[in-house]
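K.L.:
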Amino acid sequence: GAVVSQHPSWVICKSGTSVKIECRSLDFQATTMFWYRQFPKQSLMLMATSNEGSKATYEQGVEKDKFLINHASLTLSTLTVTSAHPEDSSFYICSAREFFSGRPETNEQFFGPGTRLTVL
Amino acid sequence: GDSVTQMEGPVTLSEEAFLTINCTYTATGYPSLFWYVQYPGEGLQLLLKATKADDKGSNKGFEATYRKETTSFHLEKGSVQVSDSAVYFCALSESWDGKLTFGQGTILTVHP
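Chains as they are written, first to last, in my numbering: chain U, 1329 to 1448; chain H, 781 to 892.
If you want it as structure tokens, here you go:
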């Protein structure tokens, strides 16, 4: 099956610094990538949708200036948490989708293993 | 807006027991429904899906039937194994861009 990788798998940083998380589709071209945040014992919350070559679409309540998303190629999207604070500590998960013809909502999303961010 | 509600966990079963994880949804249109599984230390994987009413999705012994009349998509397995221990997420999608709305997840632990 299709593989999506994330790097790093975990990161610890000081408050006020910025952290970049990479999401790569290893064996397919991802026209769309999604970024989620997962709190302990809670569901995944969609943060933003990014389409290759265009600006990301952020969900309501997500600060676009704090969570910078870049999808510059068909195999790579990055999430940068700027001026991170302890409340940004969370598990960040990306997923990638290759567009097929037909109903796009049935096109499978492939998920990365996640990145654990801890802000001290 | 769309929403998905799963039964509260955690669920603890003995090996070979019958499993049911309830999932109900609210949507404005005709969504596609999914079950995802997250094994310890791994990313979410699609377990099964159904794209229209009365469809049955099945995989690895798991089944779920899309019930429009009850807006449900309950996950079942006749005989669970220790290796089925994981977190299970019910989800729906009805948007052109494929955005998923997830339930809160159910932790399943299967003991030998």
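Just so you know, even glycine gets a beta-carbon here, dropped at the ideal spot from N, CA and C.
Taking the alpha-carbon positions, what's the leucine 880 of chain H to phenylalanine 814 of chain H distance?
P.N.:
Their backbone Cα atoms lie some 9 Å apart in a straight line.
K.L.:
So glutamine 1370 of chain U is in the beta strand (DSSP E); what residue range does that whole segment cover?
P.N.:
Element bounds for glutamine 1370 of chain U: n/a, residue is neither H nor E.
K.L.:
Is the beta carbon of leucine 824 of chain H sitting closer than 7 Å to the one on serine 838 of chain H?
P.N.:
No, these two residues do not count as a Cβ contact at 7 Å.
K.L.:
Anything in chain U within Cβ reach of leucine 824 of chain H, meaning under 7 Å, just list it in chain order.
P.N.:
Ordered by position in chain U, the residues that pass the 7 Å Cβ test against leucine 824 of chain H are Phe1439.
K.L.:
Please name the residues in the segment 858-873 of chain H whose beta-carbon is closer than 8 Å to at least one beta-carbon of chain U, in chain order.
P.N.:
So the close ones are Phe869, Ser873.
K.L.:
So, using beta-carbon positions, are alanine 797 of chain H and valine 860 of chain H closer together than 7 Å?
P.N.:
Yes.
K.L.:
For tyrosine 868 of chain H, which residues does DSSP report across the bridge?
P.N.:
According to DSSP, tyrosine 868 of chain H bridges with H:Val817, H:Thr886.
K.L.:
Terminal residues of the continuous beta strand (DSSP E) containing lysine 836 of chain H?
P.N.:
That run of the beta strand (DSSP E) goes 836-839.
K.L.:
Going along chain H, which residues have a C-beta under 9 Å from valine 1332 of chain U?
P.N.:
Near valine 1332 of chain U (Cβ distances below 9 Å), the residues of chain H are Gly823.
K.L.:
Against glycine 1442 of chain U, what residues of chain H qualify as contacts under a CB-to-CB distance less than 8 Å, listed in chain order?
P.N.:
Here the neighbours are Gly823.
K.L.:
At what residues does the beta strand (DSSP E) containing alanine 830 of chain H begin and finish?
P.N.:
From DSSP, the beta strand (DSSP E) with alanine 830 of chain H extends over 824-830.
K.L.:
Does serine 875 of chain H come out as helix, strand or coil in the three-state DSSP assignment?
P.N.:
If DSSP states are grouped into helix, strand and coil, serine 875 of chain H belongs with coil.
K.L.:
So, at 6 Å on beta carbons, what are the nonlocal neighbours of histidine 891 of chain H in its own chain, with the 5 sequence-adjacent residues on each side left out?
P.N.:
Taken in chain order, the residues that qualify are Ser794.
K.L.:
What does a CB cutoff of less than 6 Å around phenylalanine 1419 of chain U pick up in its chain, not counting 5 residues either side in sequence?
P.N.:
Within the same chain, phenylalanine 1419 of chain U has close Cβ partners Gln1366, Gly1442, Arg1444.
K.L.:
Inspect the CB distances between the segment 1375-1387 of chain U and the segment 1398-1406 of chain U and report whether three or more fall short of 8 Å.
P.N.:
The segment 1375-1387 of chain U vs the segment 1398-1406 of chain U: in contact.
K.L.:
Pull the bridge partners of glutamate 856 of chain H from the DSSP assignment, please.
P.N.:
BP columns for glutamate 856 of chain H point to H:Thr800, H:Glu843.
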